[in-house]
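Notes follow once the structure below has been shown.
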Amino acid sequence: MKTTLKETYYCDYAHPEIQKLAKKLAEKTNDPVEIAKKTFYHVRDNIVTGYDLYKVKASDILKKGYGICWGKSTLLIALLRCNHIQAQFVTIQVHRKFIKPLVGNLYHLANSPYNHCMVNAFLNKRWTILDSVLDKKTYEIFFAPENIPWGIDWNGKDDCRLYTDSVVGEPDIHADIDSVIRQKAGNTEFPAFIAIGVYRFLNKRIWKKTFFSTLPPKWGM
Numbered sequence: 001m002k003t004t005l006k007e008t009y010y011c012d013y014a015h016p017e018i019q020k021l022a023k024k025l026a027e028k029t030n031d032p033v034e035i036a037k038k039t040f041y042h043v044r045d046n047i048v049t050g051y052d053l054y055k056v057k058a059s060d061i062l063k064k065g066y067g068i069c070w071g072k073s074t075l076l077i078a079l080l081r082c083n084h085i086q087a088q089f090v091t092i093q094v095h096r097k098f099i100k101p102l103v104g105n106l107y108h109l110a111n112s113p114y115n116h117c118m119v120n121a122f123l124n125k126r127w128t129i130l131d132s133v134l135d136k137k138t139y140e141i142f143f144a145p146e147n148i149p150w151g152i153d154w155n156g157k158d159d160c161r162l163y164t165d166s167v168v169g170e171p172d173i174h175a176d177i178d179s180v181i182r183q184k185a186g187n188t189e190f191p192a193f194i195a196i197g198v199y200r201f202l203n204k205r206i207w208k209k210t211f212f213s214t215l216p217p218k219w220g221m
């Protein structure tokens with residue numbers, strides 16, 4: 001089996017809930033592009049934007065209902081691979097100001113440059129970059145008012161890349177996603193007990209504006 005189709009520790013697509021969702025997303029179609037589009041939009045908008053630790057399994061992201069670029073990309077890869085679509089990580093260096101619309105001056109706490117994570121999916125006989133990190137509400141409330149030169153929709157054909165105005169490096173491809181997650185792709189992170197507190201604080205601020213709650217929508221159901 002190709003590395004880009006394998007289940008891994010973090011890309012745990014044999015998990016029953018991932019299997020169930022992947023099957024649902026592939027209902028009524030055998031077209032890989034259509035499956036990929038449904039999967040992309042599901043992860044983009046149903047897994048809301050929220051900070052979390054780097055080392056999180058795809059099944060845990062699905063259970064939590066929120067994630068940042070690393071977590072949402074891991075889940076997107078797991079769902080695509082589960083439906084026999086090759087997928088892998090793409091990382092690219094961006095200036096830390098890319099998150100300023102979301103966190104304000106706290107963006108200074110981020111790595112600079114920051115190694116941002118996206119997904120590379122093999123569709124239409126070519127590799128296509130997909131970035132599902134920003135759900136629609138987060139994009140519309142925090143980023144769209146800044147008149148940014150990029151969007152979050154994917155047409156099923158071209159690359160969907162965010163933060164293009166902050167890119168400072170070239171994309172790197174990673175078929176072995178577990179290795180990248182363990183190394184955080186070169187990013188540094190506060191010790192877990194500090195990071196969890198910081199992320200909880202940031203998420204409450206974000207979700208209060210996007211969902212009028214300090215809990216992600218899935219938790220409030």
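Numbering-wise, the sequence shown is residues 1 to 221 according to full-length UniProt numbering. Even glycine gets a Cβ: it sits at the ideal position worked out from N, Cα and C. Here the structure is a predicted model, which is why all the values come from computation and not from measurement.
The alpha helix (DSSP H) enclosing residue i, as first and last residue numbers
{"i": "Asn-46", "result": "32-46"}
{"i": "Leu-21", "result": "16-25"}
{"i": "Val-56", "result": "Unbroken run through Val-56: none, as it is neither H nor E."}
{"i": "Lys-2", "result": "Here Lys-2 belongs to no alpha helix (DSSP H), and DSSP marks it neither H nor E."}
{"i": "Lys-100", "result": "100-103"}
In DSSP terms, what residue i is bridged to
{"i": "His-116", "result": "Ile-92"}
{"i": "Ala-121", "result": "Ala-87 and Thr-128"}
{"i": "Gly-67", "result": "Thr-49"}
Proximity winner among the options, relative to residue i (alpha-carbon distances)
{"i": "Val-167", "options": "Asp-135, Met-118 and Ser-213", "result": "Met-118"}
{"i": "Leu-162", "options": "Lys-2, Gly-151, Ala-144 and Arg-81", "result": "Gly-151"}
{"i": "Pro-171", "options": "Thr-74, Thr-128 and Ala-144", "result": "Thr-128"}
{"i": "Val-90", "options": "Gly-169, Thr-214 and Trp-207", "result": "Gly-169"}
{"i": "Leu-5", "options": "Thr-74, Gln-88 and Leu-75", "result": "Gln-88"}
{"i": "Ile-194", "options": "Asp-52, Glu-7, Gly-156 and Asn-120", "result": "Asp-52"}
{"i": "Arg-126", "options": "Leu-202, Gly-156 and Gln-93", "result": "Gly-156"}
{"i": "Ile-99", "options": "Tyr-107, Lys-64 and Ala-192", "result": "Tyr-107"}
{"i": "Thr-3", "options": "Asn-187, Asn-203, Glu-189 and Asp-176", "result": "Asp-176"}
{"i": "Val-94", "options": "Gly-104, Tyr-54, Thr-214 and Tyr-114", "result": "Tyr-114"}
{"i": "Leu-202", "options": "Tyr-66, Gln-183, Gln-86 and Asn-147", "result": "Tyr-66"}
{"i": "Ile-68", "options": "Asn-120, Trp-154, Ile-206 and Ser-213", "result": "Ile-206"}
{"i": "Asp-158", "options": "Ala-121, Val-180 and Lys-204", "result": "Ala-121"}
{"i": "Leu-109", "options": "Tyr-199, Asp-178 and Ser-213", "result": "Tyr-199"}
{"i": "Asp-31", "options": "Tyr-54, Ser-73, His-84 and Trp-70", "result": "His-84"}
{"i": "Asn-147", "options": "Asp-131, Cys-160 and Thr-164", "result": "Thr-164"}
{"i": "Cys-160", "options": "Glu-27, Tyr-41 and Glu-7", "result": "Tyr-41"}
Residue range of the beta strand (DSSP E) that includes residue i
{"i": "Ile-129", "result": "126-130"}
Please list the segments of the beta strand (DSSP E) lying wholly inside the stretch 133-221, counting only runs of 3 or more residues, in order along the chain.
-> 172-174
With contact counted as at least three CB pairs below 8 Å, one residue from each stretch, are the stretch 134-150 and the stretch 34-51 in contact?
-> yes
Given 8 Å as the limit, is there contact between the stretch 53-68 and the stretch 9-26, that is, 3 or more CB pairs closer than that?
-> yes
Is the stretch 32-42 close to the stretch 69-83, with three or more CB pairs under 8 Å?
-> yes
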